[in-house]
Ligand code: DGL
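Structure (C-alpha cells):
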C-alpha cells in the first residue's frame, strides 16, 4: 500500500494504517523537496499529486492513501481518472466523524490555504448536515512549524501562532474542530490547549481507518502470517525527516528512508 503527503503530515495516517494492518507492506512518500503544497495553485498541486501517485504506482502498490488534505480537496478526480489503483482521501471520513461528534452543529475546520479555498469541507458537511454552521480557517504558518519540529506545548512561537489562528473559532463556539491538514496532528497538544472544550478530529487517522476497513471488506488484505515492511521515501535530505519521523512515530528503530527524484 502507498501513503503520500507533502512531508511529515501523512505519518499520522501511516501510523494508524500500520497499526490497523500490521501485515501490509507500506511505502510512504513525503515530498519534502516541495513542501508546502497548501500555498500553491490548483494546477501545481494536481501535477505534484500525479507525480507522487505515479511514483507509488510504479512500485506496485495496490491502493493509495492520499494522506494530505490539500491533495484530497484538489486532485482526487484527476488521480482517480489517471491511475487504476483505488485511492482513499482524508476529507470524507473527517466530515463524517465531525458530523457524528458535534452537539451544537458548530464545526470548525483548519487547513491550508488551498484546502480552505476549495470549500470542500463546507460543502461535504452541509450535504449531511444542512443546518451546520461551518467555520473554515486557513493556517499557513502551521505547516512550517511542524516541518521544523516546533510542535510541543511550551514552544512560545507555536503557541502564539496557534492561538492567533484559533481564537476566532473558539469565540464562535465551535465544539468540533477538524484538523483539516494532516500536519496539524503533530500540534495536537498545542491546539487542544487553545480549544479546551472542542473535540479534535484527526483527518489522517480517520482516513486511514476508512482505508483499512475498505480493504478488509474487499478481502485484499495481506497474508496474516507475515509482518509488513515499511519503506520511506523523501524528495530532499533524509536526515531531518528520519529524526522528526522517529520522534513522531515514537520508535527507536532505524527507519529505512531513501531520497528519490520524482522525475
Ligand atoms: N499535510 C498536508 C495537508 O494535509 C499538506 C500541507 C502542505 O504541504 O501545505 O494539507
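Residue numbers (our numbering): 1 to 263.
Yeah, the Cβ is synthetic: ideal placement off N, Cα and C, and Gly gets one too.
Being a predicted model, the structure only gives us computed values, none of them experimental.
- For residue 5, the enclosing beta strand (DSSP E) stretches over residues 2–5.
- Non-local beta-carbon contacts of residue 190 in its own chain, meaning distances under 8 Å to residues more than five positions away in sequence, involve 151, 152, 153, 155, 158, 159, 162 in chain order.
- For residue 133, the enclosing beta strand (DSSP E) stretches over residues 133–138.
- Assignment of beta strand (DSSP E) within the stretch 107–190, counting only whole runs of 3 or more residues, yields 133–138, 176–180 in chain order.
- Taking 8 Å as the cut-off, the Cβ atoms of residue 178 and residue 93 do not count as close.
- Within its own chain, the residues whose Cβ lies closer than 6 Å to the Cβ of residue 104, once the five positions on either side in sequence are excluded, are 175, listed in chain order.
- Along the stretch 215–253, the beta strand (DSSP E) occurs as fully enclosed runs of 3 or more residues at 230–234, listed in sequence order.
- Apart from sequence neighbours up to five positions away, the residues of its chain that approach residue 238 with a beta-carbon distance below 6 Å are 257, 259, ordered along the chain.
- Following the DSSP letters along the chain, one finds residue 202 in no alpha helix (DSSP H) but inside the beta strand (DSSP E) bounded by residues 199–202.
- For residue 56, the enclosing alpha helix (DSSP H) has its first and last residue at 42–58.
- Nearest in C-alpha terms to residue 171, of all of 195, 148, 184, 180, is 195.
- A Cβ-Cβ contact shorter than 8 Å links residue 85 with residue 64.
- In this structure, the CA atom of residue 39 is about 24 Å from the CA atom of residue 232.
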